[in-house]
Ligand code: SF4
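In this note's numbering, the protein residues as written are 319 to 811.
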């Protein structure tokens, strides 16, 4: 009998390897690898989701009639060897892994890979699309996907008359708004067992009912998002509010990234809500773009550039990760608020990730690999294919412009415009020198001055670089930046 190895991010019903074998015709192998799960500190809620979702999937496969060999092992290699010794499978097959590292080990592990259907654009199709193009623009890929997949299309034209409504989706947070409330997760016996056995090295708050760990729960969350949250998703996508950690964000990326729900289930649902007239084109298009545009573009980019991508550091950033990322202790209200959310939910939404956390790492010059490691062990929806292009490429410009045509560096004025954080902060967003100066503002100008040689040829930062060069207080800004970086290293910022 063959064995199908089901990985922890392949938990959906459409797994292309497993769907070849009806119950009884193959054994299922699932491995909790110590190397993956306990060789470094990981956020409690992330560990809980990964392990509980795997165990719940094993149970549902047994209920469906499969024999499941669920084992814990020091590594995948050891788990496979132990399984082979005990069950002597004719063949071991797996759906292509999302991780380049594991994928490149399959030959040595003597495991046969089946073409993945986890994404709507297979990595080979992305490579074909990319071939011969001088630059890989996400918008071009997105339009190609829209035409190919038919989402939000009226004939060969985009629904609503425009391909992209991003400009309508950048409103600052409203003054008073009642954000959608979320149902609590129905965690059960398996969840309690997992929580009781988490390693001492795990950090962060215990689960508070934010995350479901079964397919049924994930589908309910998707349904809730489509009915209650999606109408608000568009306009305030880029806003940050002290009133709500989740605002109108979908909170489904964790389920997508471990396969509990599929990209087509999300897009079919969004299309349905739009066609029924229950959501605007701005909200529907914004969500479809996130899924078939950004998400699949990030995935394709990862495969196109691995393994060299993970070691990139175009700006030669060498500062170690400062203590505030671990302690959460800082007087910067934007950072403190975001880090509290991360501790409480293993989550922050995309603008908090890009324009607060990654922006701070970028302008302070934190080593990209260290920041990626912190994000990967902390966020509920982390995966190597997500983190490398998004964090290392978009957030830190460590790829020198492959993912982003300019560094996403911003001072306090951007955060002040898009959030209410600065209102309650000891620092002054509009000031760049002096004791009260906003660290983001000081470090933004210092970043431009520090990196002007590397950025000189980039037309998209020419205006900012010109402004930095004309600063009459440049020396004072750089002196204040030294103080700020010293305070940051000492854990006193
Ligand atoms: Fe953040 Fe600066 Fe605003 Fe304070 S003033 S919340 S540090 S951007």
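We put the beta carbon where it would ideally sit given N, CA and C, even for glycine.
query, result
"Go through the residues and name those whose CB comes closer than 7 angstroms to any heavy atom of the ligand SF4, in chain order.", "650, 651, 652, 653, 730, 733, 734, 739, 740, 743, 745, 746, 747, 756, 757, 758, 759"
"Within the same chain, show all residues whose beta-carbon is closer than 6 angstroms to that of residue 742, passing over the 5 residues directly before and after it, in chain order.", "651"
"Indicate the three-state DSSP secondary structure (helix, strand or coil) for residue 601 in the structure shown.", "helix"
"I believe residue 330 touches residue 383 by the beta-carbon criterion, under 8 angstroms. Please report the beta-carbon distance rounded to the nearest angstrom.", "That pair is no contact at about 18 angstroms."
"Quick one, are the C-beta atoms of residue 631 and residue 685 less than 9 angstroms apart?", "yes"
"Taking the C-alpha atoms as reference points, what is the distance between residue 466 and residue 335?", "25 angstroms"
"With DSSP collapsed to three states, give me the class of residue 475.", "strand"
"For residue 352, which residues from the same chain have a beta carbon less than 8 angstroms from its beta carbon, with the 5 sequence-adjacent residues on both sides left out?", "390, 391, 392, 393"
"Going straight from the alpha carbon of residue 552 to that of residue 611, what length do you get?", "15 angstroms"
"Taking one C-beta from the region 615-628 and one from the region 584-593 each time, how about it: are there three or more such pairs within less than 8 angstroms?", "no"
"Since residue 405 and residue 387 are thought to touch, with beta carbons under 8 angstroms apart, how far apart are those beta carbons, to the nearest angstrom?", "6 angstroms"
"Relative to the alpha-carbon of residue 504, which residue among 423, 399, 535, 418 has its alpha-carbon at the smallest distance?", "535"
"Apply the 10 Å Cβ neighbour rule to residue 808 and answer buried if 16 or more other Cβ atoms are within range, or exposed otherwise.", "exposed"
"From what residue to what residue does the beta strand (DSSP E) around residue 348 run?", "344-351"
"Between 530, 595, 564, which has its C-alpha nearest residue 576's C-alpha?", "530"
"Less than 9 angstroms separating the beta-carbons of residue 782 and residue 766?", "yes"
"Going residue by residue through the region 404-433, where are the continuous beta strand (DSSP E) segments of at least 3 residues, counting only ones entirely within it?", "410-413, 430-432"
"Would the region 430-449 and the region 354-367 be scored as touching if the rule is three or more Cβ pairs under 8 angstroms?", "no"
"Let me know the secondary structure DSSP gives residue 324 once reduced to three states.", "coil"
"Determine the burial state of residue 759: buried for a count of at least 16 other Cβ atoms within 10 Å of its Cβ, exposed for fewer.", "buried"
"Nearest-angstrom Cα distance between residue 724 and residue 637?", "21 angstroms"
"Could you give the DSSP three-state label for residue 771: helix, strand or coil?", "helix"
"Determine the DSSP secondary structure at residue 705, reduced to helix, strand or coil.", "helix"
"Does the beta-carbon of residue 780 have 16 or more other beta-carbons within 10 angstroms, so that it is buried, or is it exposed?", "exposed"
"Restricting to runs no shorter than 3 residues, where is the beta strand (DSSP E) found entirely within the region 511-577?", "none"
"For residue 437 and residue 581, I'd like the C-alpha separation in whole angstroms.", "7 angstroms"
"Measure the alpha-carbon distance for residue 603 versus residue 476 and round it to whole angstroms.", "10 angstroms"
"What does DSSP give as the partner residue(s) for residue 386 in the beta ladder?", "346"
"With C-beta atoms as the reference, is residue 328 less than 9 angstroms away from residue 412?", "yes"
"Taking the Cβ atom as the reference point for each residue, do residue 677 and residue 718 lie within a distance shorter than 9 angstroms?", "no"
"I'd like to confirm the pairing. Which residues does DSSP put opposite residue 377 in its beta bridges?", "Bridge partners of residue 377: none, in fact."
"What do you reckon, is the C-beta of residue 783 under 8 angstroms from a heavy atom of the ligand PLP?", "As for the ligand PLP, it is missing from this structure, which binds only the ligand SF4."
"Using C-beta distances below 8 angstroms, list every residue in its chain close to residue 726, excluding the 5 sequence neighbours before and after it, in chain order.", "672, 673, 676, 677, 680, 712, 713, 715"
"Is the number of C-beta pairs between the region 561-576 and the region 693-713 that are closer than 8 angstroms three or more?", "yes"
"Among the candidates 670, 323, 502, whose CA atom is the shortest distance from the CA of residue 557?", "670"
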